[in-house]
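Let me begin by presenting the structure, written as structure tokens, before commenting on it.
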Amino acid sequence: MDQHTDSTGRTESTGAAAPAALLQVNSIEVIYNHIILVLKGVSLTLPQGAIVALLGGNGAGKTTTLRAISNLLQGERGAVTKGSITLRGERIDNLSPADLVHRGVVQVMEGRHCFAHLTIEENLLTGSYTRRDKGEIAANLDKVYTYFPRLKTRRASQAAYTSGGEQQMCAIGRALMANPSVVLLDEPSMGLAPQIVEEVFEIVKDLNVKESVSFLLAEQNTGMALRYADYGYIMESGRVVMDGAAQALASNEDVKEFYLGMGGSQRKSFRETKSYKRRKRWLA
Ligand SMILES: Nc1ncnc2c1ncn2[C@@H]1O[C@H](COP(=O)(O)OP(=O)(O)OP(=O)(O)O)[C@@H](O)[C@H]1O
Ligand SMILES: [Mg+2]
0 MDQHTDSTGR TESTGAAAPA ALLQVNSIEV IYNHIILVLK GVSLTLPQGA
50 IVALLGGNGA GKTTTLRAIS NLLQGERGAV TKGSITLRGE RIDNLSPADL
100 VHRGVVQVME GRHCFAHLTI EENLLTGSYT RRDKGEIAAN LDKVYTYFPR
150 LKTRRASQAA YTSGGEQQMC AIGRALMANP SVVLLDEPSM GLAPQIVEEV
200 FEIVKDLNVK ESVSFLLAEQ NTGMALRYAD YGYIMESGRV VMDGAAQALA
250 SNEDVKEFYL GMGGSQRKSF RETKSYKRRK RWLA
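In numbering that gives the first Met the number 0, the protein residues as written are 0 to 283.
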């Protein structure tokens with residue numbers, strides 16, 4: 000991965016897209032309802048072929064960041080008011096969601112959002128709405144079924160009667176029907192048993208390796224996300240408070256204490272944990 004890092008391990012903000020950056024978010028601000036400032040200058044890089052995790056607790060701004068990229072803020076009365084977003088170096092922040100899908104950027108929404116009354120196969124086919132070639136669509140459907148054999152078994156079942164894991168797979172499979180290069184995946188682990196989460200993440204990794212699909216993965220399940228991601232950004236209150244290679248984050252003492260539940264921190268936020276430790280070091 001072609002990351003530009005400084006001596007502290009933080010990603011350097013280069014302003015322009017680095018050569019290997021597929022997707023670049025540059026210092027974006029997002030405001031809801033004209034007044035609520037939710038993202039306060041978020042920058043991140045998704046290199047070509049990477050899985051990048053966007054971590055943080057409830058309300059940190061993960062979903063808002065993904066929606067800013069896929070231009071799905073309008074329905075929420077939100078808007079990007081500062082900064083820019085580029086795909087392969089070209090500005091994409093003024094494109095419609097449909098144009099973004101054409102360019103290969105698709106979002107899998109938090110909470111799965113399958114059409115309950117449609118079958119799994121009908122759900123998958125709704126993901127190919129931007130495409131015309133029937134042969135290609137059929138080939139893509141076959142490919143989705145090779146990655147998600149469970150969906151093939153359940154192809155004729157109404158989504159409402161499938162399990163949570165199958166619905167999550169269906170939501171990802173539907174995104175793949177647009178033949179994307181970037182998938183923005185919002186909390187795939189939500190409400191799923193650990194074993195199913197692992198199954199879903201294994202498929203994501205497989206798609207990443209074999210189909211070169213790059214993933215920006217918003218997750219509260221820090222441990223699981225860092226096992227599969229190459230790089231991670233930790234968000235808190237609309238800001239990135241830390242970033243680094245996934246392995247480095249997973250072994251960082253503060254991350255372990257606050258996000259991986261090792262160490263019994265009672266403090267409310269990651270930033271608070273860090274400043275508490277700093278104070279403790281100064282006083283020692
Ligand atoms: N439509 C909206 N209008 C106003 N405020 C919103 C809206 N959507 C989100 N917010 C606020 O923006 C902040 C970030 O929310 P966001 O959903 O992006 O967080 P998140 O990191 O995805 O959290 P979670 O892990 O709970 O999904 C929160 O304070 C939230 O209350
Ligand atoms: Mg969210």
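Glycine included, each C-beta is placed from N, C-alpha and C at the ideal position.
With a CB to CB cut of under 8 Å and the five nearest residues on each side skipped, what residues in its chain are close to residue i?
| i | result |
| --- | --- |
| Met297 | It is not possible to answer for residue 297, since the shown part of the chain is limited to 0 through 283. |
How is residue i classed by DSSP in three states: helix, strand or coil?
| i | result |
| --- | --- |
| Glu252 | helix |
| Tyr146 | helix |
| Tyr227 | helix |
| Ile68 | helix |
| Tyr31 | strand |
| Thr129 | coil |
| Gly260 | coil |
| Ala155 | coil |
| Asn178 | coil |
| Asn207 | helix |
| Thr10 | Confidence at Thr10 is low in this model, with a pLDDT of 44, below 50, so its placement is unreliable and the value that follows should be read with caution. In this structure, Thr10 counts as strand in the three-state DSSP scheme. |
| Leu191 | coil |
| Asn122 | helix |
| Gln73 | helix |
| Leu117 | coil |
| Ile202 | helix |
| Asn139 | helix |
Which same chain residues, not among the five before or five after residue i, have their C-beta less than 7 Å away from its C-beta?
| i | result |
| --- | --- |
| Gln219 | Gly56, Glu186 |
| Asn70 | Leu94, Ser95, Pro96, Leu99 |
| His101 | Thr129 |
| Lys151 | Tyr144 |
| Leu259 | Thr221, Gly222 |
| Tyr227 | Ile50, Phe200, Val203, Lys204 |
Short check: CB of residue i to CB of residue j, under 8 Å?
| i | j | result |
| --- | --- | --- |
| Asn139 | Ser127 | yes |
| Thr129 | Ala97 | yes |
| Val105 | Ala49 | no |
| Met168 | Val199 | yes |
| Leu86 | Val29 | no |
| Tyr146 | Leu206 | yes |
| Val107 | Ala170 | yes |
| Gly172 | Leu191 | no |
Between which two residues does the beta strand (DSSP E) harbouring residue i extend?
| i | result |
| --- | --- |
| Asp185 | 181–185 |
| Glu218 | 213–218 |
| Ile50 | 50–54 |
| Asp242 | 238–244 |
| Glu86 | In the sequence under discussion, the amino acid at residue 86 is Leu, which differs from the Glu named in the question. Unbroken beta strand (DSSP E) run through Leu86: 77–86. |
| Gln285 | There is no way to answer for residue 285, as the model of the chain reaches only from 0 to 283. |
Within a Cβ cutoff of 6 Å, which residues of the same chain sit near residue i, ignoring the five residues on either side of it in sequence?
| i | result |
| --- | --- |
| Val254 | Leu248 |
| Ile91 | Ile84 |
| Leu43 | Val24, Tyr232 |
| Ala115 | Ala158, Ala159 |
| Leu45 | Leu21, Leu22, Val51, Ser213, Leu215 |
My understanding is that residue i touches residue j, with C-beta atoms under 8 Å, so please give their C-beta distance in whole angstroms.
| i | j | result |
| --- | --- | --- |
| Thr118 | Arg149 | About 14 Å; that fails the 8 Å criterion. |
| Ile27 | Ala67 | 6 Å |
| Val181 | Leu22 | 6 Å |
| Asn25 | Gly82 | 5 Å |
| Asn32 | Arg76 | 5 Å |
| Ala78 | Cys113 | Contact doesn't hold; Cβ gap of about 28 Å is too wide. |
The alpha helix (DSSP H) with residue i in it runs from where to where?
| i | result |
| --- | --- |
| Gly172 | 163–175 |
| Ser99 | It is worth fixing the name first, because residue 99 is Leu in this sequence and not Ser. Per DSSP, Leu99 belongs to the alpha helix (DSSP H) from 96–101. |
Please tell me whether, using a cut-off of 7 Å, the distance from the CB of residue i to the nearest non-hydrogen atom of ligand 4 is below it.
| i | result |
| --- | --- |
| Lys61 | Annotation note on ligand 4: not contained in the displayed structure, which lists ligand 1 and ligand 2 as its ligands. |
So is residue i in contact with chain B if we call contact Cβ pairs under 8 Å?
| i | result |
| --- | --- |
| Ala97 | Going by chain labels, chain B is absent from the structure shown, which holds only one protein chain. |
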